[in-house]
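Heads up, the sequence shown is in the numbering used here, so the first residue is 116 and it goes up one at a time. The beta carbon of each residue, even a glycine, is placed where N, CA and C say it ideally should be. Predicted, not measured: the structure shown is a model, and the values here were computed from it. Working notes for the structure below.
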Amino acid sequence: MKTVSDLVAEGVSGRAVLVRSDLNVPLDGETITDDGRIRASVPTISTLADAGARVLVTAHLGRPKGGADPNYSLAPVAVRLGELLGKEVPLVPHGQRPELADGGVALLENIRFDPRETSKDDDQRAEFARELVDLVGADAAFVSDGFGVVHRKQASVYDVAQDLPAYAGGLVLSEVEVLKTLTGEPERPYAVVLGGSKVSDKLAVIEALLPKVDSLLVGGGMCFTFLAAQGYGVGSSLLESDQIDSSRKLLESGKIVLPTDVVIADRFAADAATKTVPVDAIEDGWMGLDIGPESVRAFAEVLSGAKTVFWNGPMGVFELAPFAEGTRGVAQAIVDSTASGAFSVVGGGDSAAAVRALGLPEDGFSHISTGGGASLEFLEGKSLPGVAVLER
Ligand code: ADP
Ligand code: MG
């Protein structure tokens, strides 16, 4: 796999470079609520610009339905990227030719404004990829740095890499390297913490990880399907009835650790009535929105002895203050085990956002992945099209 350092070594001054980044940040109106992905994309972009390249960045924002939609404009992202790079980053609308200067950076408007980007039809994607190449010229290079999208066979991720000399960006490289240690021979004990909303999203990764891990700690909304599989009533907590049987089979591994207490609420709201109860006392009409303090202590105990930790998915609805303590406590336990020498990886968009939102130190973890779906698919052992295409 050729890398961005190889490209710079080849000499890139005055050459156009198309960079696919992952700038899919959460927005509240036009305010970026977490700029982590923009910051993570800066090193590769500035390396190229500093070497004199004429950089055109492509990225998506959200899932606009079938065409340009101002609600999904990358305009606020162009502003923030410019602040971080210390130079203006013009936003280029589709259908307009970018004016690229040596050492300059421009951002193409949301790539998903063109439905061919995500088309399942190979010809449509290939056609769109050729139009992207036209924007930068056939002698340009392509750098794939959007780790969050490398599991997608999309025009700006996969197809352009076949039309231009393609290189892996620094972010993609470091992500792949870190995840390889988790699928290789991680130092033991190896503990995985899984949470988030749905078991069905994560069943495949649980199955792939179980043989490799020593303990799998389960919290978040998904723990209620496991608790139901053990015969507990879960009230109106999140429950995937069709996953109960498969969850029961996974429990036979003996490696899965479930919460023993939970924070329940009478409704899904920050000002709901709440109480902390043992898992066998979840009342009808109440929903579990966080793991309780006894569970946090038990999870922390396992984590304190771990040498490798992978965490995906918040332990509760951390976005609402009364249900954030489980996530905070477990995240703090991972920070502590990292300080005592464990190798820790956080994967998942919401988990990474939780680290920042709860004020935990980002450098308290060995690695925070920018790609939720991509990191899970990698750990499932799937080939990532956007990486495979760079390895040809
Ligand atoms: P990630 O993006 O890190 O992979 P997910 O997308 O799977 O994580 O899940 C994150 C969401 O799970 C958060 O928005 C959080 O509010 C929600 N969640 C966590 N615990 C619960 C729960 N007990 N009930 C409902 N939703 C929950
Ligand atoms: Mg998520």
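- T340 and G431 have their C-alpha atoms spaced approximately 14 Å apart.
- Between the C-alpha atoms of F414 and V445 there is a straight-line separation of about 7 Å.
- With contacts defined as CB atoms closer than 8 Å, L171 and V127 fail to qualify as a contacting pair.
- Our two residues, H482 and G285, have alpha carbons roughly 14 Å apart in a direct line.
- D316 has its CB nearer than 7 Å to a heavy atom of ligand 1.
- Taking the Cβ of N139 as the reference point, every heavy atom of ligand 1 lies at 7 Å or farther away.
- Per DSSP, the beta-bridge partners of K390 are I379.
- Rounded to the nearest angstrom, the Cβ distance from L206 to E224 is 6 Å, consistent with a contact under 8 Å.
- Counting only the Cα atoms, I160 lies some 12 Å from S120.
- For G335, the shortest C-beta to heavy atom distance toward ligand 2 is 7 Å or greater.
- DSSP places V461 inside the beta strand (DSSP E), whose first and last residues are F458 to G462.
- Excluding five sequence positions before and after T118, the CB atoms of its chain that fall closer than 7 Å to its own CB belong to Y282, A283 and L288, given in chain order.
- Inter-residue distance for V248 and A124 is about 22 Å (C-alpha atoms, whole angstroms).
- Proximity to V194 across L222, I397, P230 and F480 peaks at L222, based on C-alpha coordinates.
- For T296, the enclosing alpha helix (DSSP H) starts and ends at G285 to T298.
- Residue environment: G310 is assigned as buried (16 or more neighbouring CB atoms within 10 Å of its CB, all protein chains considered).
- Contact between the stretch 368 to 388 and the stretch 319 to 329 is present: 3 or more CB-CB pairs across the two stretches fall below 8 Å.
- The stretch 230 to 244 makes no contact with the stretch 205 to 219: fewer than 3 CB pairs, one atom from each, lie closer than 8 Å.
- According to the DSSP secondary-structure assignment, W426 is paired through a beta bridge with V308 and V461.
- In this structure, the beta-carbon distance from R130 to A256 falls below 8 Å.
- Two segments are said to touch when three or more pairs of C-beta atoms, one from each, lie closer than 8 Å; by this definition the stretch 405 to 412 does not touch the stretch 288 to 304.
- The straight-line gap separating the alpha-carbon atoms of A467 and S484 is approximately 7 Å.
- The beta carbon of D149 sits no closer than 7 Å to any heavy atom of ligand 2.
- By the criterion of at least three beta-carbon pairs nearer than 8 Å, the stretch 418 to 426 is not in contact with the stretch 342 to 356.
- In this structure, G487 has its beta carbon less than 7 Å from a heavy atom of ligand 2.
- Taking C-alpha positions only, Y187 is separated from W401 by approximately 36 Å.
- The stretch 497 to 504 makes contact with the stretch 259 to 273: 3 or more CB pairs, one atom from each, lie closer than 8 Å.
- Counting only runs of at least 3 residues, the stretch 161 to 191 fully encloses the following beta strand (DSSP E) elements, listed from N- to C-terminal order: 169 to 173.
- A Cβ-Cβ separation of about 12 Å leaves V394 out of contact with D405 under the 8 Å criterion.
- Rounded to whole angstroms, the gap between the alpha carbons of G167 and V220 is 10 Å.
- Rounded to whole angstroms, the gap between the alpha carbons of S312 and A380 is 16 Å.
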